[in-house]
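Worksheet: one structure, shown below.
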Amino acid sequence: MQDADFWSKMAPRYARAKIGDSAGYERTLRQVAPLLQGARVLELGCGTGLTALALAPHAQSYHATDIAPGMIEIAQGRVANDPVANLSFQVAQAEDFGPGQFDVVFVQNYLHLLRDLPGTLAHIHAILPLGGLLISKTPMLGQAPFYIRWLVPMLQAVGKAPYLTMLTAADLELALTQAGFACDPTEWHASQGRDLRAFIVACKM
Numbered sequence: 019m020q021d022a023d024f025w026s027k028m029a030p031r032y033a034r035a036k037i038g039d040s041a042g043y044e045r046t047l048r049q050v051a052p053l054l055q056g057a058r059v060l061e062l063g064c065g066t067g068l069t070a071l072a073l074a075p076h077a078q079s080y081h082a083t084d085i086a087p088g089m090i091e092i093a094q095g096r097v098a099n100d101p102v103a104n105l106s107f108q109v110a111q112a113e114d115f116g117p118g119q120f121d122v123v124f125v126q127n128y129l130h131l132l133r134d135l136p137g138t139l140a141h142i143h144a145i146l147p148l149g150g151l152l153i154s155k156t157p158m159l160g161q162a163p164f165y166i167r168w169l170v171p172m173l174q175a176v177g178k179a180p181y182l183t184m185l186t187a188a189d190l191e192l193a194l195t196q197a198g199f200a201c202d203p204t205e206w207h208a209s210q211g212r213d214l215r216a217f218i219v220a221c222k223m
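Each residue of the sequence shown is one higher than the last, beginning at 19 in this note's numbering.
Take a look at the structure:
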């Protein structure tokens with residue numbers, strides 16, 4: 019899979035990278051944690067597992083997945099010598115799961131990477147029970163400055179950027195609604211600079 023190969027190659031660099039806005043990231047964690055109490059959580063696009071490690075203690079169970087074997091290898095290495103009882107990692111995507119397994123799906127920096135956003139949202143909706151939550155934080159590249167939107171296709175052409183969708187918050191809110199979710203008001207958690215990552219809690223109706 020082309021996307022999986024790209025992210026596996028990126029995994030070592032991704033693991034070394036520092037969080038650009040740690041205060042904004044911590045705010046997101048604080049907001050998500052109470053929503054996971056007593057829940058069986060599926061994280062899609064977990065990367066190297068740092069967020070999963072932070073959130074798993076707040077959930078009944080936490081299953082973190084990524085399509086890239088390289089990412090999951092690093093994530094599993096983080097818990098090799100200090101396992102977290104309710105946390106597991108797997109190379110997988112949304113379509114690998116069915117109804118009845120999870121109460122909450124959490125995705126961070128993920129939805130804009132999907133080649134079939136409506137299809138994946140429909141499958142997530144099918145996975146969740148009535149009242150189940152899809153919690154997302156997503157870069158809104160459609161709201162980014164022009165030079166970023168101009169640069170991305172050039173980087174993609176030389177293999178330096180993955181597939182990306184230029185979403186706006188309005189685009190994502192509409193896609194979630196069309197998939198059968200009711201959305202809380204969109205929030206923005208950045209503590210510095212221009213915030214392009216929309217935080218949305220959506221409930222299956």
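Note that beta-carbon positions come from the ideal geometry of N, C-alpha and C, so glycine has one too.
For residue i, which residues of its own chain have a beta-carbon under 6 Å away from its beta-carbon, when the five flanking residues on both sides are left out?
{"i": "isoleucine 85", "result": "Ala22, Gln111"}
{"i": "leucine 132", "result": "Thr138"}
{"i": "glutamate 205", "result": "Phe217"}
What would DSSP say about residue i, mapped onto helix, strand or coil?
{"i": "isoleucine 166", "result": "helix"}
{"i": "lysine 178", "result": "coil"}
{"i": "leucine 185", "result": "coil"}
{"i": "threonine 46", "result": "helix"}
{"i": "alanine 208", "result": "coil"}
{"i": "threonine 66", "result": "coil"}
{"i": "lysine 36", "result": "coil"}
{"i": "leucine 60", "result": "strand"}
Count the other CB atoms within 10 Å of the CB of residue i; is the residue buried (16 or more) or exposed (fewer)?
{"i": "phenylalanine 164", "result": "exposed"}
{"i": "valine 123", "result": "buried"}
{"i": "aspartate 121", "result": "buried"}
{"i": "leucine 62", "result": "buried"}
{"i": "methionine 89", "result": "buried"}
{"i": "valine 176", "result": "exposed"}
Enumerate in chain order the residues of its own chain whose CB-to-CB distance from residue i is below 7 Å, with the five nearest sequence positions on each side excluded.
{"i": "alanine 224", "result": "The shown model of the chain, from 19 to 223, leaves out residue 224, and the question about it has no answer."}
To which residues of the same chain is residue i closer than 8 Å at the C-beta, ignoring the five residues directly before and after it?
{"i": "alanine 70", "result": "Glu61, Cys64, Tyr80, Ala82, Ala93, Leu105, Phe107"}
| field | Minimum length 4: unbroken alpha helix (DSSP H) runs contained in the region 74-147 | value | 87-96, 135-145
| Would you call the region 82-97 and the region 52-71 in contact, with 3 or more CB pairs under 8 Å? | yes
| query | Taking contact to mean at least 3 C-beta pairs separated by less than 8 Å, is the region 29-48 in contact with the region 190-201? | reply | no
| request: Report yes or no: do the region 154-161 and the region 174-191 share at least 3 C-beta pairs separated by less than 8 Å? | output: yes
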